[in-house]
Amino acid sequence: MDGIVVQLQKQLLDYISSLFHEGFLDDQFNQLEQLQDESHPNFVVEVVTLFFDDAERLLNELTTTLGQQNIDFKRLDAHVHQLKGSSSSIGAERVHKACISFRNFSTEQNIEGCLKSLQQVKHEYSLVKNKLETLFKMEQQILALRGSG
């Protein structure tokens, strides 16, 4: 049993390393993990889950705002700014960078650029969400094996 746990822990560390190497996560994610302890064992999962909920709401708002006849660029920018901040707070680097580009197009009131940026942000968000969900499943698997051992 111990051998399996050690092997899974190595896989987990390799996986986390790849997320940093591929630019999905930055050092802010490490900072978040350091806030987790025995008194808050699910801290990272809870914070990231809040980010997922917030991001999905904001992406829907952005989609709706960009779909209107007369686009409210101030509102659009406020939503992008909020998403940029929340992605930065959990260390979702590629989402954060895509939001910066989106904000530039929003400032220029470049609708075509905004539409392309929205697709890019959605794509990066979807990728990081899948990656983090996989990470959490790996952690759960290790915890479950430790508990049964």
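Numbered according to UniProt numbering, the sequence shown terminates at residue 149, and the numbering increases by one at each position without gaps. C-beta atoms are modelled at their ideal positions from N, C-alpha and C, and glycine is treated no differently.
Among the options, the one whose alpha carbon lies nearest that of residue i
{"i": "Gly30", "options": "Glu93, Tyr125, Thr107", "result": "One detail in the question is off: residue 30 reads as Asn in this sequence, not Gly. Nearest C-alpha to Asn30: Glu93."}
{"i": "Asn104", "options": "His123, His81, Ser86", "result": "His81"}
{"i": "Glu46", "options": "Leu25, Ile16, Glu133", "result": "Glu133"}
{"i": "Gly23", "options": "Lys137, Asp37, Gly91", "result": "Gly91"}
{"i": "Gln109", "options": "Lys74, Lys137, Lys131", "result": "Lys74"}
{"i": "Lys122", "options": "Leu50, Leu58, Glu38", "result": "Leu58"}
{"i": "Gln120", "options": "Asn130, Ile100, Lys131, Leu135", "result": "Ile100"}
{"i": "Leu135", "options": "His40, Thr49, Asp2", "result": "Thr49"}
First and last residue of the uninterrupted alpha helix (DSSP H) at residue i
{"i": "Leu76", "result": "73-90"}
{"i": "Asn70", "result": "Element bounds for Asn70: n/a, residue is neither H nor E."}
{"i": "His40", "result": "No alpha helix (DSSP H) contains His40, which DSSP labels as neither H nor E."}
{"i": "Glu93", "result": "93-107"}
For residue i, the three-state DSSP class (helix, strand or coil)
{"i": "Leu118", "result": "helix"}
{"i": "Leu25", "result": "strand"}
{"i": "Leu35", "result": "coil"}
{"i": "Asn110", "result": "coil"}
Nonlocal neighbours in the same chain, by C-beta distance under 7 Å from residue i, ignoring five residues either side
{"i": "Ser88", "result": "Gln28, His96"}
{"i": "Leu32", "result": "Val44, Val47, Ile90, Gly91"}
{"i": "Ser106", "result": "Phe73, Leu76, Asp77, Val80, Cys114"}
{"i": "Lys131", "result": "Leu19, Phe24"}
{"i": "Lys129", "result": "Phe52"}
Cβ neighbours of residue i in the same chain (closer than 8 Å, five flanking residues each side left out)
{"i": "Leu127", "result": "Phe24, Arg94"}
{"i": "Thr65", "result": "Ile71, Asp72, Arg75, Leu76, His79"}
{"i": "Ile4", "result": "Leu145"}
Count Cβ pairs between the region 132-146 and the region 4-22 that sit closer than 8 Å; are there 3 or more?
With the cut-off at 8 Å, the region 132-146 and the region 4-22 touch.
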